[in-house]
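A.B. asks: In my numbering, the protein residues as written are 14 to 395.
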């Protein structure tokens, strides 16, 4: 059994392949080839890996790495070995020579067998040797691997520290000699919605003294920026005329409004050319006197109805207090045709087609007056 493991150790020595990753936490990817009794090993094994600074004795470098139940297939196995930080396992001695000792056993039980000789790890040409050390220069100060940034592209950065810290919201600006922190409002910053202005005296953005309202914009009052509104200026157009900010309405949707002054109670009516002040219905009544007309060939120029089914309902009522007036006057001026001055109809058995009453006790009064100029016309028909 001792000879078998010795052969195994020689196999690992001959066939080992090693990569060293240039990272602060130096992890070694180690690939080995394992033989058992002259044949490639298969199965699971427990390994212990230890790094030394000497091929025979020496000092242990970093921590010991143990990997249990590692699968070995056709003799090949690969492990990741992390012995600790780079500066601990590599830069401790000037020679930087390291030897890897391997112990192995079948997974789960038995004693570990230490393989000999140890495997030497060479630094060149891997990245471990490329870690920067010593003083920093250029835009950096201090020492590697932890230098400080003291400039940008050769332009120096002003010193700020606990005694001279940057404020919340600061940015870096070039003052002609240094990149310097400036701009922050300081403290917890401005309140929600506050407008900021640049105070060149202290190199800071500061909130306006007066809180703005919704829709406000910064307006310069001659001394400072204050919240305000911007009003339009110049000539008005479209349905407006005059100048902003006080134009007048001269039209509605592109149709002009008459310049005539309206009378009390009048409304704007479209006369075919423009919107013009004119009389109209007011509170359900005519504005009197009222005169109007329209050419209607079939139908009534004016029609009104009272739909009440009971009571002494009247559709039209006329009254005159003049001694020679008429409550209702109907006149047919056509000289031919079957023209009627007044027509009255009633479908009631006790109704009256036309009823007129003159209550004056004197004068030339008439309950109903009808005239017809037509030879076949009727003054009153009921």
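Cβ atoms here follow ideal geometry from the backbone N, Cα and C, with glycine treated the same way.
Secondary structure at residue 247, three-state DSSP: helix, strand or coil?
C.D. replies: Strand at residue 247.
A.B. asks: Using only the alpha-carbon positions, how far apart do residue 188 and residue 256 sit?
C.D. replies: If I take the Cα positions, the gap works out to 47 angstroms.
A.B. asks: On the DSSP letters alone, give me the boundaries of the beta strand (DSSP E) that residue 116 sits inside.
C.D. replies: Taken as a continuous stretch (DSSP letters only), the beta strand (DSSP E) holding residue 116 covers 111-119.
A.B. asks: So what does residue 71 bridge to, in DSSP terms?
C.D. replies: Looking at the DSSP assignment, residue 71 forms no beta bridge with any residue, so it has no partner.
A.B. asks: Which residues in the same chain have their Cβ closer than 7 angstroms to the Cβ of residue 147, if we skip the five residues on either side of it in sequence?
C.D. replies: Contacts found: 156 and 157.
A.B. asks: Rank 131, 271 and 292 by C-alpha distance to the C-alpha of residue 280 and give the top, closest one.
C.D. replies: Per the Cα distances, 292.
A.B. asks: How would you label residue 194, buried or exposed, when you count the other beta carbons within 10 angstroms and need 16 or more for buried?
C.D. replies: Under this definition residue 194 is a buried residue.
A.B. asks: Can you find the residues in the same chain that come closer than 7 angstroms, C-beta to C-beta, to residue 241, ignoring five residues on each side of it along the sequence?
C.D. replies: Taken in chain order, the residues that qualify are 229, 230 and 232.
A.B. asks: Helix, strand or coil for residue 292? Go by DSSP, reduced to three states.
C.D. replies: In this structure, residue 292 counts as coil in the three-state DSSP scheme.
A.B. asks: Output yes or no for whether 8 angstroms exceeds the beta carbon distance between residue 133 and residue 64.
C.D. replies: In this structure, residue 64 does not lie closer than 8 angstroms to residue 133 by Cβ.
A.B. asks: Assign residue 172 to one of three DSSP states: helix, strand, or coil.
C.D. replies: Here residue 172 sits in coil by DSSP.
A.B. asks: Specify, as a first and last residue, the run of the beta strand (DSSP E) that residue 91 falls within.
C.D. replies: Residue 91 -> beta strand (DSSP E) spans 89-98.
A.B. asks: Going by other Cβ atoms of all chains shown within 10 Å of its Cβ, with 16 needed for buried, is residue 265 buried or exposed?
C.D. replies: Its Cβ having fewer than 16 others within 10 Å, residue 265 is exposed.
A.B. asks: Residue 284 to residue 271, Cα distance in whole Å?
C.D. replies: Taking the straight line from one Cα to the other gives about 10 angstroms.
A.B. asks: Give the DSSP-derived three-state secondary structure of residue 263 in the structure shown.
C.D. replies: Coil, per DSSP.
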